[in-house]
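*Asks:*
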Amino acid sequence: LAQQIQFQQSITEDDLAMFTTFARLDDVEADGEMLAVFETKVDIAAAFSVPAISDLIVADLERQGLGEMLDVEAMLQGFEDGLAGSTVTVVQQYNTTSNLMVSFDMMLDMTIDGAVIASAMGDDMASDEPPITITLDMSFMRDSINAVEMINLPDDAVIVPWMDLLGGMGDS
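Residues 689 to 860, numbered by my numbering, are exactly what the sequence shown covers, in order.
1) Return helix, strand or coil for residue 738, following the three-state DSSP convention.
2) Look at the Cβ atom of residue 805, then the Cβ atom of residue 769, and state whether they are nearer than 9 Å.
3) Among residues of its own chain, excluding the 5 on either side of residue 778, which ones have a beta-carbon nearer than 6 Å to its beta-carbon?
4) If distances are taken between C-alpha atoms only, which option among 776, 849, 782 and 801 comes closest to residue 817?
5) Thinking just about the alpha-carbon of each residue, which of 715, 707, 710 and 705 is nearest to the one in residue 784?
6) Counting only the same chain and skipping the five closest in sequence on each side, list residues whose C-beta sits under 8 Å from that of residue 847.
7) Please look up how many angstroms separate the CB atoms of residue 771 and residue 742, rounded, as I've assumed it's under 8 Å.
8) Less than 8 Å between the CB atoms is what I'm expecting for residue 796 and residue 776, so what's the real figure, rounded?
9) Roughly how many whole angstroms lie between the Cα atoms of residue 799 and residue 826?
10) For residue 711 versus residue 726, is the C-beta distance shorter than 9 Å?
11) Can you tell me whether DSSP reads residue 681 as helix, strand or coil?
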């Protein structure tokens, strides 16, 4: 928690501007309602060059006793190079009358070039290995705020209480 608080206090708007863009897109109309549209784009690779983030990574590695075992600067550069072009884009739409969020779309487009990362760290990983590509699109659309929707589960589904998903912090 202390590291999280330190990170939140040390990252600045200038730091965010190094790897994140925020934009208000044109409003749209849906079902007779006006929606304000916002887009946030994160350049994953560029985040590794932000001192507030790299310092947090270095501090965590040192806390784990790995700081001396790894060439941390080379590793950070390897991540920056090996994740080049990887992005997360979030588009949110808010009802301009109620100010409630009515949709959330997240698109992850990540390419991990393990050979580039390994090479930066002095490893001779086979350079003919293809990069790994991960694409994830997630959408949430709320057409009725605070309505409870039916969730149909298969007969053999295992139901896990939500507090158990939080690491057993509850009395389930």
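The beta carbon of each residue, even a glycine, is placed where N, CA and C say it ideally should be. Predicted model, so just to flag it, every value in this text is computed and none were measured.
*Replies:* For this structure:
1) For this step, residue 738 is matched to residue 50 along the sequence shown. Three-state DSSP puts residue 738 in coil, outside helix and strand.
2) Here residue 805 is taken as the residue at index 117 of the sequence shown, counted from 1. Here residue 769 is taken as the residue at index 81 of the sequence shown, counted from 1. Contact: yes.
3) The residue you call residue 778 lines up with position 90 of the sequence shown. Within the same chain, residue 778 has close Cβ partners 728 and 794.
4) On the sequence shown, position 129 is the one that residue 817 refers to. Residue 801 is the option with its Cα nearest to residue 817.
5) Here residue 784 refers to the residue found at position 96 of the sequence shown. Comparing Cα-Cα distances from residue 784 to each of 715, 707, 710 and 705, the minimum goes to 715.
6) Counting from one through the sequence shown, the residue named residue 847 turns up at place 159. Hits under 8 Å: 841.
7) As a working mapping, residue 771 is identified with position 83 in the sequence shown. As a working mapping, residue 742 is identified with position 54 in the sequence shown. In fact, because the Cβ distance is near 14 Å, the residues do not count as touching under 8 Å.
8) On the sequence shown, position 108 is the one that residue 796 refers to. On the sequence shown, position 88 is the one that residue 776 refers to. Contact annotation, residue 796 with residue 776: C-beta distance approximately 5 Å; criterion of less than 8 Å satisfied.
9) As a working note, residue 799 is residue 111 in the sequence shown. As a working note, residue 826 is residue 138 in the sequence shown. Computed Cα separation, rounded: 18 Å.
10) Residue 711 sits at position 23 when you count from the first residue of the sequence shown. Residue 726 sits at position 38 when you count from the first residue of the sequence shown. With respect to residue 726, residue 711 sits close: the two C-beta atoms are nearer than 9 Å.
11) Since the first and last residues shown for the chain are 689 and 860, residue 681 lies out of range.
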